[in-house]
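Just below is one structure, and these are the notes that go with it.
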Amino acid sequence: MRTLILFTALSLSACGATQSGSGGLLAEGAEAPDFVAQDQDGEIRQLRALRRDRPVVLFFYPRDGTPGCTAEACAFRDAWERLQETGATVVGVSTDDVAAHRQFAEEHGLPFPLLADPEGEILEKYGVPSRMGMAARVTFLIDGQGRIARVFPDVDPAVHVDEVLAAIAALE
Numbered sequence: 004m005r006t007l008i009l010f011t012a013l014s015l016s017a018c019g020a021t022q023s024g025s026g027g028l029l030a031e032g033a034e035a036p037d038f039v040a041q042d043q044d045g046e047i048r049q050l051r052a053l054r055r056d057r058p059v060v061l062f063f064y065p066r067d068g069t070p071g072c073t074a075e076a077c078a079f080r081d082a083w084e085r086l087q088e089t090g091a092t093v094v095g096v097s098t099d100d101v102a103a104h105r106q107f108a109e110e111h112g113l114p115f116p117l118l119a120d121p122e123g124e125i126l127e128k129y130g131v132p133s134r135m136g137m138a139a140r141v142t143f144l145i146d147g148q149g150r151i152a153r154v155f156p157d158v159d160p161a162v163h164v165d166e167v168l169a170a171i172a173a174l175e
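Just add 3 to the spot in the sequence shown (first one is 1) and you have our numbering.
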């Protein structure tokens, strides 16, 4: 029994050393893992190419067309000009497929890429939890050098864009 307790304690300790305080999410200061995925138009997107030495707002959301996800995506759309002024690139990620993303983007006039991650590979790289195959609502602000500058683990769609804009301004 003592061996089991010791093993469990050591395992938890080792896991905690590589994780942020938000569970398994990548920690601020960590290098943002590169990825490749299709967007709503079927175009292949890679983080490295999207970044181009500029900040990237990488927001994970549960499902296209649901009320909270629609509010969040439309808030980014409504703040598009302000976001463009910062030089930041905005990218949404969910486990929905390309066709669902296309319909969602067209229905709401979303001007940024929505990446399809049906197997949850990007979620896994960033430590984003999922329930029933849907991503948790989490945003990462990646700086121009490719490091995680901010993690937003508890997103409130009503105020989130303003939080992101303030975090981008703090990078400068």
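All C-beta atoms in this analysis are idealised placements derived from N, C-alpha and C, irrespective of residue type, glycine included. All of these numbers come straight from a predicted model, not from anything done at the bench.
Taking three-plus beta-carbon pairs below 8 Å as touching, is the stretch 78-85 in contact with the stretch 40-57? Verdict: no, contact absent.
Pull up the distance between the alpha-carbon of Pro156 and that of Val164, whole angstroms please. 14 Å
Starting from Arg51 and walking both ways along the alpha helix (DSSP H), at which residues does that stretch end? Leu50 to Arg54
For the candidate residues Gln148, Arg54 and Leu86, whose alpha-carbon lies nearest to that of Gly32? Gln148
Would you give the residue range spanned by the beta strand (DSSP E) that Ala40 belongs to? Val39 to Gln41
Give me whichever residues DSSP pairs with Met135 in a beta bridge. Bridge partners of Met135: none, in fact.
Return the Cβ separation of Arg48 and Asp37 in integer angstroms, given the expectation that the two are a contact with Cβ distance under 8 Å. 11 Å between Cβ atoms; not a contact.
Would you kindly check if the distance between the Cβ of Leu144 and the Cβ of Val158 is under 8 Å? Contact flag unset, no.
The stretch 83-90 contacting the stretch 53-73, beta-carbon criterion three pairs below 8 Å: yes
Using only the alpha-carbon positions, how far apart do Gly27 and Pro116 sit? 25 Å
Would Gly149 pass as an interface residue toward chain C - the criterion being a Cβ-Cβ separation below 8 Å? Chain labels in this structure do not include chain C; a single protein chain is all it has.
Taking buried to mean at least 16 other C-beta atoms within 10 Å of its own C-beta, is Glu75 buried or exposed? buried
Let me know the secondary structure DSSP gives Phe115 once reduced to three states. coil
Short of 6 Å in beta carbon distance, which residues of its chain neighbour Tyr129, apart from the five on each side in sequence? Order them along the chain. For Tyr129, same chain residues with a beta-carbon under 6 Å away, outside a window of 5 residues either side, are Leu29 in chain order.
For Arg153, I'd like the list of residues in its chain whose CB is within less than 7 Å of its CB, leaving aside the five on either flank, ordered along the chain. Glu31, Leu144 and Ala170
Can you check whether the CB of Met137 is closer than 8 Å to the CB of Arg66? yes
Residues sharing a beta bridge with Phe63, DSSP: Partner(s): Val96 and Val141.
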